[in-house]
Amino acid sequence: MRGVPYIILVSLCAFILVPLIWAVVSSLKPLEEVYAFPPKFSMHDPQWSNYREAWTRLPVGRFMINSLFIAGVSMVGAVWSASMAGYALARLRFRGRRLCFWLIVGSMLVPAQVLLVPRFLLFDLLGWVNTYKPLIVPAWLGGGAFNIFLFRQFFLSIPSELGDAAELDGASAWQTYRHIYIPAARPAVVTAALLSFVYHWQDFLDPLIYLSDFMTYPISLGLRMYQSMAGTWANLLMATSLIALLPVAIVFLLCDRYIMRGLGVIGETTGTRRR
Amino acid sequence: MNRRSSGARLFLLPWIVGFAALTALPVLVSLALSFTQFKDPLSMNRLQWVGLSHYRQAVETARPYSPDRGDPWYWNLLGGKPEDVHFHQSLYNSITFSIFAVPLGLAVSLMTALLLNQRLRGTSVARTLIYIPHVLGGAATIVIWSWLFNPEFGWINEGLRCLYRFADPIVRLFREQGTADFPTPAWLYSPVWCKPAVVIMHVWAIGGSMLIFLAALHRVPRALYDAARLDGSSAWRQFLHVTWPHITPVVLFNLVISLVFTMQSFTESYFLETRQQKDGLLFFALYLYRVAFEPPYRFGYASALAWIFVLVLIVLIVPILLSGRLWVYYAGSERTSKG
Numbered sequence: 001m002r003g004v005p006y007i008i009l010v011s012l013c014a015f016i017l018v019p020l021i022w023a024v025v026s027s028l029k030p031l032e033e034v035y036a037f038p039p040k041f042s043m044h045d046p047q048w049s050n051y052r053e054a055w056t057r058l059p060v061g062r063f064m065i066n067s068l069f070i071a072g073v074s075m076v077g078a079v080w081s082a083s084m085a086g087y088a089l090a091r092l093r094f095r096g097r098r099l100c101f102w103l104i105v106g107s108m109l110v111p112a113q114v115l116l117v118p119r120f121l122l123f124d125l126l127g128w129v130n131t132y133k134p135l136i137v138p139a140w141l142g143g144g145a146f147n148i149f150l151f152r153q154f155f156l157s158i159p160s161e162l163g164d165a166a167e168l169d170g171a172s173a174w175q176t177y178r179h180i181y182i183p184a185a186r187p188a189v190v191t192a193a194l195l196s197f198v199y200h201w202q203d204f205l206d207p208l209i210y211l212s213d214f215m216t217y218p219i220s221l222g223l224r225m226y227q228s229m230a231g232t233w234a235n236l237l238m239a240t241s242l243i244a245l246l247p248v249a250i251v252f253l254l255c256d257r258y259i260m261r262g263l264g265v266i267g268e269t270t271g272t273r274r275r
Numbered sequence: 276m277n278r279r280s281s282g283a284r285l286f287l288l289p290w291i292v293g294f295a296a297l298t299a300l301p302v303l304v305s306l307a308l309s310f311t312q313f314k315d316p317l318s319m320n321r322l323q324w325v326g327l328s329h330y331r332q333a334v335e336t337a338r339p340y341s342p343d344r345g346d347p348w349y350w351n352l353l354g355g356k357p358e359d360v361h362f363h364q365s366l367y368n369s370i371t372f373s374i375f376a377v378p379l380g381l382a383v384s385l386m387t388a389l390l391l392n393q394r395l396r397g398t399s400v401a402r403t404l405i406y407i408p409h410v411l412g413g414a415a416t417i418v419i420w421s422w423l424f425n426p427e428f429g430w431i432n433e434g435l436r437c438l439y440r441f442a443d444p445i446v447r448l449f450r451e452q453g454t455a456d457f458p459t460p461a462w463l464y465s466p467v468w469c470k471p472a473v474v475i476m477h478v479w480a481i482g483g484s485m486l487i488f489l490a491a492l493h494r495v496p497r498a499l500y501d502a503a504r505l506d507g508s509s510a511w512r513q514f515l516h517v518t519w520p521h522i523t524p525v526v527l528f529n530l531v532i533s534l535v536f537t538m539q540s541f542t543e544s545y546f547l548e549t550r551q552q553k554d555g556l557l558f559f560a561l562y563l564y565r566v567a568f569e570p571p572y573r574f575g576y577a578s579a580l581a582w583i584f585v586l587v588l589i590v591l592i593v594p595i596l597l598s599g600r601l602w603v604y605y606a607g608s609e610r611t612s613k614g
């Protein structure tokens, strides 16, 4: 009986890994083997050149740089604006604080479909269509309700004595935020940074609406181009998908040890109504 | 704790600007647009008031319900064949997908979290591994899955065929033909199997809710488990009386968030649609995108559809939130009920 949890755990891990292994195997097969029936689980002659071909058939390098730029700039903005808002909600007293908090929680539930058309009209009016601004600027203006919520919860979990002491020594709210709370909130900073990087890396709908010049495409749109023209080269498509996953995987593995503590605060206080 | 409020306003300024310009204003504009239409959508001028006609167009029926013609069952709820068949089909698809994906995803993620909370060896590696699909997500993994689901060249059906071959002698004991006529689904090329395929993909990426569950489980006081064990409670009773009450707030949170999230699924639909599905994977978000951003760019009609969608979301979520009063246990609420 003691082995049962292990069996379940191992099969779960297998379930997670199979698609990734499958992608690696397929990406290294020559074309005729990809379309062999019945499919082979193994391969004898890995075609590393598939990756070079995948990289050059479409400007994949360009797509990757575009994605890195969009996701990187958005990430910085999201952490900056969400941490400030979260700090104000957690540690500053002002009129309308509860209203702001409920507006933020409520805006998590507003479906993107309602905002789609009016935002497009607004950005079109500003002349921002076909630029990266519609993809990046929203991140600098609030950084996503979930991230604000995350920072608020995390700042609330930091003992307030720390900030109060700094305050008594004459530190301003900004100095307390910058030098006491942000360094103490590293797990939240890393988690919010990762989540917003990943969100913007994966984002497909916004680039689809706002970008039409193909050299400005992020990798998500690039993959779609590949998919629609490469129905016949599944191996190259798999190679490109893996290339697209690589930066996110690296960023994630660098942050992994913080995420548990960062997300932990979500479970911590969602239940308590008032403190 | 007596800080000047002007400071707070400065801290909130980016969010206030964003909320006003990118959420509050668009919500109002969208509501207004739903009653209007552009006479000339390309230059976006000459706005015309059309009243409720967009809403009427969305819910109108063309003819009475007749099951003999193979009408889908939900047309019965609408009172007949809808004028805009695709809108109702897409709404139906999104709701069906969510109804299967959300409870299944939450059950699997909670079970995984419970397992990982057992402090077995190797759990930290397993946790990282199970979380990974959540961050990888998006277009690239969808593409990988679509190839995995390929009915002929994909591993999934090959795995099924292996399983059938392996099980054939056993099945032969019960039925003469053995596994010869067992199905290998066409997955993304079938109107029936395309939805289970996407549900499986969803369950693959439940790392996010799993991690939130796990964090909540870590916070259940150990002493309670020790006390329960001393009383001789079984593992199941421990779960029911110690673990579950402590995590109900997080269950509610995950339930609402993942419902809102899956109802808005777009990328799956966009990447995985095939002609053979007969619109079985046309999700609402994709249909709305097409109405708004493909010719003839019906911004007004799209806005009306978005508001009907909001109504549907409210109908789905409000009962869940209200039911929370019955089953969600808030730390501290016990004190108030006693005193």
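These protein sequence lines map, in sequence, to chains A and B.
Take 1 as the starting number for the first sequence in the numbering used here and just add one per residue.
Take 276 as the starting number for the second sequence in the numbering used here and just add one per residue.
By construction, the Cβ of each residue, glycine as well, lies at the ideal position given by its N, Cα and C atoms.
Everything numeric in this text was worked out from a predicted model, so none of it was measured.
Measuring only the C-alpha atoms, how far is Thr270 of chain A from Tyr340 of chain B? Walking along the first sequence from the start, residue 270 of chain A turns up at place 270. Walking along the second sequence from the start, residue 340 of chain B turns up at place 65. Any reading at Thr270 of chain A must be qualified, since the residue scores a pLDDT of 47, below 50, and its modelled position is unreliable; no value is offered.
So is Glu569 of chain B in contact with chain A if we call contact Cβ pairs under 7 Å? On the second sequence, position 294 is the one that residue 569 of chain B refers to. So no, Glu569 of chain B is outside the interface.
Contacting residues, own chain, Cβ-Cβ under 6 Å from Thr611 of chain B (five flanking each side not counted): Here residue 611 of chain B is taken as the residue at index 336 of the second sequence, counted from 1. Confidence at Thr611 of chain B is low in this model, with a pLDDT of 37, below 50, so its placement is unreliable and the value that follows should be read with caution. Same-chain partners within the cutoff: there are none.
Hey, is the stretch 362-381 of chain B in contact with the stretch 528-543 of chain B, meaning 3+ C-beta pairs nearer than 8 Å? In short, these stretches touch, since the Cβ pair count reaches three.
Quick one: is Arg573 of chain B buried, meaning 16 or more other Cβ sit within 10 Å of its Cβ, or exposed? Your numbering for residue 573 of chain B matches position 298 in the second sequence. The residue in question, Arg573 of chain B, is buried, as its Cβ has 16 or more Cβ neighbours within 10 Å.
Considering only the beta carbon of each residue, do Ala239 of chain A and Asn50 of chain A sit closer than 7 Å? Position 239 of the first sequence, counted from the first residue, corresponds to residue 239 of chain A. Position 50 of the first sequence, counted from the first residue, corresponds to residue 50 of chain A. Annotated as proximal: Ala239 of chain A and Asn50 of chain A, with beta-carbon spacing under 7 Å.
Given that Pro59 of chain A touches chain B, what residues does it touch there, using C-beta distances under 9 Å? The residue labelled residue 59 of chain A in the question sits at position 59 within the first sequence. By Cβ distance, chain B contributes nothing, its closest Cβ being about 16 Å from Pro59 of chain A, past 9 Å.
If we require 4 or more residues per run, which alpha helix (DSSP H) segments fall completely within the stretch 303-328 of chain B? Runs of the alpha helix (DSSP H) inside the stretch 303-328 of chain B: none found.
Compute the Euclidean distance between the alpha carbons of Ile417 of chain B and Leu17 of chain A, then round it to the nearest angstrom. On the second sequence, position 142 is the one that residue 417 of chain B refers to. On the first sequence, position 17 is the one that residue 17 of chain A refers to. Note on geometry: alpha-carbon atoms of Ile417 of chain B and Leu17 of chain A lie some 15 Å from one another.
The stretch 73-99 of chain A: positions lying closer than 7 Å to chain B by Cβ: Contact residues of the stretch 73-99 of chain A toward chain B are Ser81, Met84, Ala85, Tyr87, Ala88, Leu92, Arg93, Phe94 and Arg95 (C-beta to C-beta distance below 7 Å).
Whole alpha helix (DSSP H) elements within the stretch 398-442 of chain B, 4-residue minimum: Listed in chain order, the complete alpha helix (DSSP H) runs (minimum 4 residues) inside the stretch 398-442 of chain B are 398-411 and 413-423.
Would you be able to state if there are at least three C-beta pairs under 8 Å between the stretch 420-439 of chain B and the stretch 520-527 of chain B? Because the criterion of three Cβ pairs below 8 Å is not met, the stretch 520-527 of chain B and the stretch 420-439 of chain B do not touch.
Hey, Leu306 of chain B and Gly575 of chain B: beta-carbon distance below 7 Å or not? Locating residue 306 of chain B in the second sequence gives position 31, where the first residue counts as 1. Locating residue 575 of chain B in the second sequence gives position 300, where the first residue counts as 1. Cβ distance not < 7 Å, so Leu306 of chain B and Gly575 of chain B don't count as in contact.
Tell me, please, which residues DSSP counts as bridged to Thr336 of chain B. Within the second sequence, numbered from 1, the residue matching residue 336 of chain B stands at position 61. In DSSP, Thr336 of chain B forms a bridge with B:Pro357.
For His540 of chain B, the nearest candidate out of B:Trp348, B:Leu563, B:Leu486 and B:Lys553 (CA to CA): Translated into the one-based positions of the second sequence, residue 540 of chain B becomes position 265. Looking at the sequence provided, one finds Ser at residue 540 of chain B rather than His. Just measuring C-alpha positions, the residue of B:Trp348, B:Leu563, B:Leu486 and B:Lys553 sitting nearest Ser540 of chain B is B:Leu563.
Spell out whether any CB of chain A is found under 7 Å from the CB atom of Ile374 of chain B. On the second sequence, position 99 is the one that residue 374 of chain B refers to. Residue contact check for Ile374 of chain B against chain A: no CB pair falls below 7 Å.
When burial is assigned at 16 or more other CB atoms within 10 Å of the CB, is Asp45 of chain A buried or exposed? Start at 1 with the first residue of the first sequence, and residue 45 of chain A comes out as number 45. Classification of Asp45 of chain A: exposed, given that the 10 Å Cβ count is below 16.
What's the gap between the Cα of Ala415 of chain B and the Cα of Ala192 of chain A? The residue given as residue 415 of chain B occupies position 140 in the second sequence. The residue given as residue 192 of chain A occupies position 192 in the first sequence. Cα to Cα, the separation comes out at about 22 Å.
So, is Ser509 of chain B buried or exposed, given that buried needs 16 or more other C-beta atoms within 10 angstroms? One-based indexing of the second sequence puts residue 509 of chain B at position 234. Only exposed fits Ser509 of chain B, as fewer than 16 other CB atoms lie within 10 angstroms of its CB.
Extent of the continuous alpha helix (DSSP H) run through Phe514 of chain B: Mapped onto the second sequence, residue 514 of chain B falls at position 239. Phe514 of chain B: not part of any alpha helix (DSSP H); DSSP gives it neither H nor E.
Let me confirm a value: Lys553 of chain B is counted as buried when at least 16 other C-beta atoms fall within 10 Å, else exposed. Which label applies? Start at 1 with the first residue of the second sequence, and residue 553 of chain B comes out as number 278. Within a 10 Å sphere around the beta-carbon of Lys553 of chain B sit fewer than 16 other beta-carbons, which makes this residue exposed.
Cutoff 7 Å: Glu548 of chain B Cβ touching any chain A Cβ: Locating residue 548 of chain B in the second sequence gives position 273, counting from the first residue. It does not; no Cβ of chain A falls within 7 Å.
By how many angstroms is the C-alpha of Gln227 of chain A removed from the C-alpha of Leu242 of chain A? Numbered from its first residue, the first sequence carries residue 242 of chain A at position 242. Numbered from its first residue, the first sequence carries residue 227 of chain A at position 227. Roughly 14 Å separates the two Cα atoms.
Hey, is Gly271 of chain A's beta-carbon within less than 7 Å of any beta-carbon in chain B? On the first sequence, position 271 is the one that residue 271 of chain A refers to. For Gly271 of chain A, the predicted structure reports a pLDDT of 41, less than 50, and the residue's modelled location is therefore unreliable. The matter cannot be settled from this model.
Proximal chain A residues relative to Val292 of chain B, where beta-carbon distance stays under 9 Å: As a first step, residue 292 of chain B is located in the second sequence; it is residue number 17 there, counting from the start. Per Cβ cutoff of 9 Å: Leu141 and Gly142.
Look up Val603 of chain B in the DSSP assignment and say whether it is helix, strand or coil. Stepping through the second sequence from its first residue, residue 603 of chain B is reached at position 328. Taken through DSSP and simplified to helix, strand or coil, Val603 of chain B comes out as coil.
Hey, Gly144 of chain A and Ser196 of chain A are a contact pair by Cβ (cut 8 Å); roughly how many whole angstroms apart? Stepping through the first sequence from its first residue, residue 144 of chain A is reached at position 144. Stepping through the first sequence from its first residue, residue 196 of chain A is reached at position 196. The distance from the Cβ of Gly144 of chain A to that of Ser196 of chain A is about 6 Å, consistent with a contact at the 8 Å cut-off.
Close beta carbons around Pro549 of chain B, own chain, < 6 Å, minus the five adjacent residues each side: Locating residue 549 of chain B in the second sequence gives position 274, counting from the first residue. Looking at the sequence itself, residue 549 of chain B is Thr, so the reference to Pro does not match. Cβ within range, chain order: Leu463 and Tyr464.
Check the Cβ of Leu162 of chain A against every Cβ in chain B and list those closer than 9 Å, keeping chain order. In the first sequence, counting from the first residue as 1, residue 162 of chain A sits at position 162. Neighbours of Leu162 of chain A across chain B, judged by C-beta separation under 9 Å, do not exist; the nearest C-beta is about 13 Å away.
Name, please, each residue of chain A whose Cβ falls closer than 7 Å to the Cβ of Glu433 of chain B. Within the second sequence, numbered from 1, the residue matching residue 433 of chain B stands at position 158. Contact of Glu433 of chain B with chain A by beta-carbon distance below 7 Å involves Pro38 and Pro39.
Counting only beta-carbon separations shorter than 7 Å, does Phe424 of chain B have a partner in chain A? As a working note, residue 424 of chain B is residue 149 in the second sequence. The beta-carbon of Phe424 of chain B is placed no less than 7 Å from the nearest beta-carbon of chain A.
Start-to-end residues for the alpha helix (DSSP H) that takes in Asp179 of chain A: Residue 179 of chain A sits at position 179 when you count from the first residue of the first sequence. It should be noted that the sequence gives His, not Asp, for residue 179 of chain A. Premise fails: His179 of chain A is in no alpha helix (DSSP H) and is neither H nor E.
Check distances from the C-beta atoms of the stretch 535-562 of chain B to those of chain A and list, in chain order, the residues that come in under 9 Å. Contacts with chain A (Cβ-Cβ distance below 9 Å) from the stretch 535-562 of chain B involve Val535, Met538, Gln539, Phe541, Thr542, Tyr545, Phe546, Phe559 and Ala560, listed in chain order.
For Ile595 of chain B, count neighbouring C-beta atoms within 10 Å of its own C-beta (all shown protein chains included) and say buried if the count is 16 or more, exposed if not. Taking the second sequence and counting its residues from 1, one reaches residue 595 of chain B at position 320. It counts as exposed.
Limits of the unbroken alpha helix (DSSP H) element including Gln539 of chain B: Position 264 of the second sequence, counting from 1, holds the residue named residue 539 of chain B. For Gln539 of chain B, there is no enclosing alpha helix (DSSP H), as DSSP gives it neither H nor E.
Answer yes or no: does any C-beta atom of chain B fall closer than 7 Å to that of Tyr35 of chain A? As a working mapping, residue 35 of chain A is identified with position 35 in the first sequence. Under the Cβ criterion of 7 Å, Tyr35 of chain A is counted among the residues facing chain B.
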